[in-house]
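Here the structure comes first, spelled out in structure tokens, and everything after it is commentary.
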Amino acid sequence: MNPLSVKRRQGYALQYLVLEMAAYQAVAASTLGFQMIDGEWVSHAAGQAALHSGSAVLIGGLLVGVVAPENGM
1177 MNPLSVKRRQ
1187 GYALQYLVLE
1197 MAAYQAVAAS
1207 TLGFQMIDGE
1217 WVSHAAGQAA
1227 LHSGSAVLIG
1237 GLLVGVVAPE
1247 NGM
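Following this note's numbering, the numbering of the sequence shown begins with 1177 at its first residue and continues without gaps.
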């Protein structure tokens, strides 16, 4: 078997794995809320409010920006 074709198949497998992991992360993030770039989690409502106000954006599945503190904190 041609070594180049084997490497191409491995490349395709890696691309599919990365896509599957990204899809899984998107589903997990939507059920738990939003993960900030510093690793903190905020509720879905607080994240949506920050996105709608323009004070935060999603970059690579992470919420980057300023999020208003939630009640009770």
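No residue lacks a Cβ here, since even glycine has one placed at the ideal position from N, Cα and C. All values derive from a computational prediction rather than experimental measurement.
Tell me whether L1239 is buried or exposed, calling it buried when 16 or more other Cβ atoms sit within 10 Å of its Cβ.
Taking the first residue of the sequence shown as 1, we reach residue 1239 at position 63. L1239 comes out buried.
Taking DSSP as the reference, what is the three-state secondary structure of V1240?
The residue labelled residue 1240 in the question sits at position 64 within the sequence shown. DSSP places V1240 in strand when its eight states are reduced to three.
Give me the Cα-Cα distance between H1220 and M1212, rounded to the nearest whole angstrom.
Along the sequence shown, one-based indexing puts residue 1220 at 44. Along the sequence shown, one-based indexing puts residue 1212 at 36. Distance between the alpha carbons of H1220 and M1212: 12 angstroms.
Could you check how far apart the C-beta atoms of A1225 and A1244 are, in whole angstroms? I think they sit under 8 angstroms.
Walking along the sequence shown from the start, residue 1225 turns up at place 49. Walking along the sequence shown from the start, residue 1244 turns up at place 68. A1244 and A1225 do touch by the CB rule: their CB atoms are close to 7 angstroms apart, below 8 angstroms.
With a threshold of 8 angstroms on Cβ separation, who are the neighbours of G1251 within its own chain once the five nearest residues in sequence on each side are excluded?
Residue 1251 lies beyond the residue range present for the chain, which begins at 1177 and ends at 1249; the question has no answer from this structure.
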